[in-house]
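Asker:
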Amino acid sequence: MVYNSLEDCLIDLEKNGHLIRIKEEVDPYLEMAAIHLKVHEAQGPALLFENVKGSNFRAASNIFGTIERSKFIFRKRFKFIQQLIQLRNNPQKIFHQPFNSIKTGISFLSSLPKKISPTNIIHNEIKITDLPLIHHWPKDGGAFVTLPQVYTEDIAQPGVQHSNLGMYRIQLTGNNYILNEEAGLHYQIHRGIGVHQTKANEAGLPLKVSVFVGGPPAHSLAAVMPLPEDVSELMFAGLLSGKRFRYFYTDGFCISADADFIITGEVYPNENKPEGPFGDHLGYYSLQHDFPLMHVRKVYAKKNAIWSFTVVGRPPQEDTSFGNLIHELTGEAVTKEIPGLQQINAVDAAGVHPLLLATGSERYTPYNKTKQPAEILTIANHILGTGQLSLAKFLFITADDERKISPQNIPSFFDYVLKRIDLLRDIHFYTNTTIDTLDYSGTSLNRGSKVVFAAYGDVVRDLCTSTPSEFSSLQNFENARLILPGIICLQTNRFSNYENTEKEMQQLNEQLKFAQTLQQTPFIIICDDASFVAKNLNNFLWSAFTRCNPAYDIYGVNSFYNYKHWGCDAVILDARIKPHHAPVLKKDAATEKKIERIFNKEGSLYGLLK
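Going by the working numbering, the first residue of the sequence shown is number 1435, and it counts up by one from there.
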């Protein structure tokens, strides 16, 4: 069905058993987020908080909490959007299916953003302090908007045609922001809004920003879609919702006619204030740093407006469903963009950006008689230079001639790669480069390194399927555990500094350099708690790849340099928490106790967790 508003969507979800109303008064300080996290972990329904302490507005969360519910919301348009994206990826279909293409073209044109008169649109002017000011994690710097649609225009080409609609977090309170007058914007400079701000800065002009919250759910999804530069997010919102994105201008600011809330403001050149900390999607806090300051002009709310929010933290979270939905919608879009790339998995359990698994073609066989990585190395370079894939730190890539291996099947993928990789030849580092702003494993903000593990050819080793005896009698390294075939984790002292770590790894090298089972153990993970890391696959993926800066934290048994190339007999990955790392997200015990009333008998969510 076509949703004209967020409330239309929530009513539909409730009718179909996908939503529960929470009638009790709930505190936006930690309680609402804690309830959301508990319900999401149980794969529970969307939530409508009807009684938010300190605010007259309702709030909704977990709307996109499962891929099934997300697809249900977009059920009338999902296949159409898939077909449209496939048509873009394969223009030859226009000639093979001309009538379907004409229909698609008509729908495309009918989804253009629609400028309307604001006469019949009633938005009441309010203040930031009237909103549900949701504080998500105990160490957060204040209340944040976590499902915003942030709208900006290109000052050189004003208008919706060259606009950007993105989802960037907004800090509303805390730090030294002037309440009701200032807000913080957190985004990376290469994003669409960053490009717009750079142009405004160069012209010495303020950048006008409109933050939309709520509205039809297609608007939220459009804000996170990785669309090509020539495709408007507003047009995509119209295509996905089956209803044109309606807008008008007030005081020079673009206003979404269907949003529940609108915050307008200006960002002046080179004016920043500390933003954060904030509990983020890697499972750690992103710390306080200077980010652009928005001078709030006006805040609007429509009648009976509903504040939509989510909670981010160690995956999987609600944004995982966003990612899965985007993957199903776009299909082969990324692989079409990178020649030779067959499949890719940005591993959600590792925080998405830290770890990529990929398969590609290896067509250089006339010149590659020894079956060593060749084409997949050029594909790897292309991957690490493409959009958000460029934020990756670890890329494992292989060529599967029979196309039987899927990067989505993580244990099988690692098994395939580790059986074939030549550790003397197939490890490639990128040092002193950029990494994700939210990743604190590097040497400083945005600075770190990358590594590519490329494997192609015949099987060169068997992998251990139990803990080798040599790993159970090491000095200063204990609690050896098997994670996956060929991958062992060891527990040792807490990390102190890199000088001591060099000595520790040399000591480990001396103990293992003649181990008979070393060939069967290509990957060794050093950690703080081996029982935790080996407990399940997600713990391994999260610990190993979010806590490592490849150039600094990869060591090797019998390692060597040859013509600037580094290799070894077994890779040692130091996945201990370092002093410069951001704190791990932890739930507040007192808050967990307080929210039990919602889940106990007579509570709105009674029986949900059984």
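Each residue gets a CB set at the ideal place from its N, CA and C atoms; glycine is no exception.
So, under 8 Å CB-CB, isoleucine 1515 and leucine 1673 are touching, yes? Tell me the CB distance rounded to an integer number of Å.
Answerer: 6 Å
Asker: Is arginine 2031 helix, strand or coil by DSSP?
Answerer: helix
Asker: Can you pull the DSSP bridge partners for serine 1690?
Answerer: Serine 1690 pairs with Tyr1681.
Asker: Between the Cα of methionine 1728 and those of Asp1753, Ile1697, Gly1757, spot the shortest distance and give me the residue it belongs to.
Answerer: Measuring from the Cα of methionine 1728, the nearest candidate turns out to be Ile1697.
Asker: Taking all protein chains shown into account, do 16 or more other C-beta atoms lie within 10 angstroms of the C-beta of glutamine 1925, making it buried, or fewer, making it exposed?
Answerer: buried
Asker: For the segment 1440-1486, which segments carrying the alpha helix (DSSP H) assignment without a break, of at least 4 residues, lie completely within its bounds, in sequence order?
Answerer: 1440-1449, 1465-1475
Asker: Taking leucine 1879 and histidine 1723 to be in contact with their CB atoms under 8 Å, please state how far apart those CB atoms are, rounded to whole angstroms.
Answerer: At roughly 6 Å, the Cβ-Cβ gap stays under 8 Å, so leucine 1879 and histidine 1723 are in contact.
Asker: Can you tell me the Cα-Cα spacing of glycine 2037 and lysine 2028, whole angstroms?
Answerer: 12 Å
Asker: Between Lys1449, Gly1699, Gly1488, which lies nearest to alanine 1480 when the distance is taken from Cα to Cα?
Answerer: Selected option, being the one with the closest Cα: Lys1449.
Asker: Quick test of your reading: asparagine 1779 and glutamine 1842, contact by CB under 8 Å. State the CB separation rounded to the nearest angstrom.
Answerer: 5 Å
Asker: Does the pairing of the segment 1668-1683 with the segment 1571-1579 give three or more beta-carbon distances under 8 Å?
Answerer: Put simply, the segment 1668-1683 does not touch the segment 1571-1579. Fewer than three CB pairs are less than 8 Å apart.
Asker: Nearest-angstrom Cα distance between glutamine 1583 and asparagine 1866?
Answerer: Here the C-alpha atom of glutamine 1583 lies approximately 33 Å from the C-alpha atom of asparagine 1866.
Asker: Can you pull the DSSP bridge partners for isoleucine 1815?
Answerer: It is asparagine, not isoleucine, that sits at residue 1815 in the sequence shown. DSSP output for asparagine 1815 lists no bridge partner at all.
Asker: Less than 8 Å separating the beta-carbons of serine 2061 and leucine 1872?
Answerer: The question about residue 2061 has no answer here: the residues shown for the chain are numbered 1435 through 2044.
Asker: The beta strand (DSSP E) with leucine 1791 in it runs from where to where?
Answerer: For leucine 1791, the enclosing beta strand (DSSP E) has its first and last residue at 1789-1794.
Asker: If I'm right that alanine 1826 touches isoleucine 1810 with Cβ under 8 Å, what's the distance once you round it to whole angstroms?
Answerer: Not quite, the Cβ-Cβ distance comes to about 15 Å (not below 8 Å), so this is no contact.
Asker: Let me know if glutamate 1616 comes out buried or exposed under the rule of 16 or more other beta-carbons within 10 Å of its beta-carbon.
Answerer: buried
Asker: Would you tell me roughly how many angstroms separate the C-alpha atoms of proline 1902 and serine 1965, rounded to the nearest one?
Answerer: Take the alpha-carbon of proline 1902 and the one of serine 1965: they are about 17 Å apart.
Asker: Do histidine 1744 and threonine 1580 have their C-beta atoms within less than 8 Å of each other?
Answerer: It should be noted that the sequence gives threonine, not histidine, for residue 1744. Their beta carbons are under 8 Å apart, which means threonine 1744 touches threonine 1580 by this criterion.
Asker: Can you look up tryptophan 2000 in the DSSP assignment and give me helix, strand or coil?
Answerer: strand
Asker: Nearest to leucine 1655 by CA position, among Pro1662, Ser1644, Glu1667, Val1645, is which residue?
Answerer: Distances from the alpha-carbon of leucine 1655 to those of Pro1662, Ser1644, Glu1667, Val1645 put Glu1667 closest.
Asker: By the three-class DSSP mapping on this structure, what secondary structure does glutamine 1526 have?
Answerer: Summary for glutamine 1526: the model assigns pLDDT 41, below 50, so the residue's position carries little reliability, and this model does not support an answer.
Asker: Would you kindly work out how many angstroms separate the C-alpha atoms of histidine 1787 and isoleucine 1958, rounded to a whole number?
Answerer: 22 Å
Asker: Three Cβ pairs or more, each shorter than 8 Å: is that satisfied between the segment 1882-1892 and the segment 2019-2033?
Answerer: Pairwise C-beta distances place the segment 1882-1892 out of contact with the segment 2019-2033, as fewer than three of them are shorter than 8 Å.
Asker: Does DSSP put methionine 1939 in a helix, a strand or coil?
Answerer: helix
Asker: Assign glutamine 1605 to one of two classes, buried (16 or more other C-beta atoms within 10 Å of its C-beta) or exposed (fewer than that).
Answerer: It is buried - the Cβ of glutamine 1605 has at least 16 other Cβ atoms within 10 Å.
Asker: Quick one: using the 10 Å Cβ neighbour count with 16 as the cut-off for buried, is phenylalanine 1948 buried or exposed?
Answerer: exposed
Asker: Which word fits isoleucine 1550, buried or exposed, when buried means at least 16 other C-beta atoms lie within 10 angstroms of its C-beta?
Answerer: Counting C-beta atoms within 10 angstroms of its own C-beta, isoleucine 1550 has fewer than 16 neighbours from the protein chains shown and is therefore classed as exposed.
Asker: Check whether the segment 1555-1565 touches the segment 1584-1603, counting contact only when three or more Cβ pairs, one atom from each stretch, lie closer than 8 Å.
Answerer: no
Asker: Whose CA, out of Phe1491, Ile1988, Tyr1463, Glu1836, lies closest to the CA of tyrosine 1734?
Answerer: Phe1491
Asker: Just verifying my parser: in three-state terms, what is the DSSP assignment at glycine 1876?
Answerer: coil
Asker: Rounded to a whole number of angstroms, what is the C-alpha to C-alpha distance between threonine 1868 and threonine 1632?
Answerer: 19 Å
Asker: Using only CA atoms, which one of Asn1910, Phe1508, Asn1972, Ala1978 lies nearest to glutamate 1762?
Answerer: Phe1508
Asker: Select from Leu1916, Tyr1621, Val1967 the residue whose C-alpha is nearest the C-alpha of glycine 1710.
Answerer: Measuring from the Cα of glycine 1710, the nearest candidate turns out to be Tyr1621.
Asker: Between which two residues does the beta strand (DSSP E) harbouring glutamine 1776 extend?
Answerer: Unbroken beta strand (DSSP E) run through glutamine 1776: 1775-1780.
Asker: Give the straight-line distance between the Cα atoms of leucine 2042 and methionine 1466, rounded to the nearest whole angstrom.
Answerer: 16 Å
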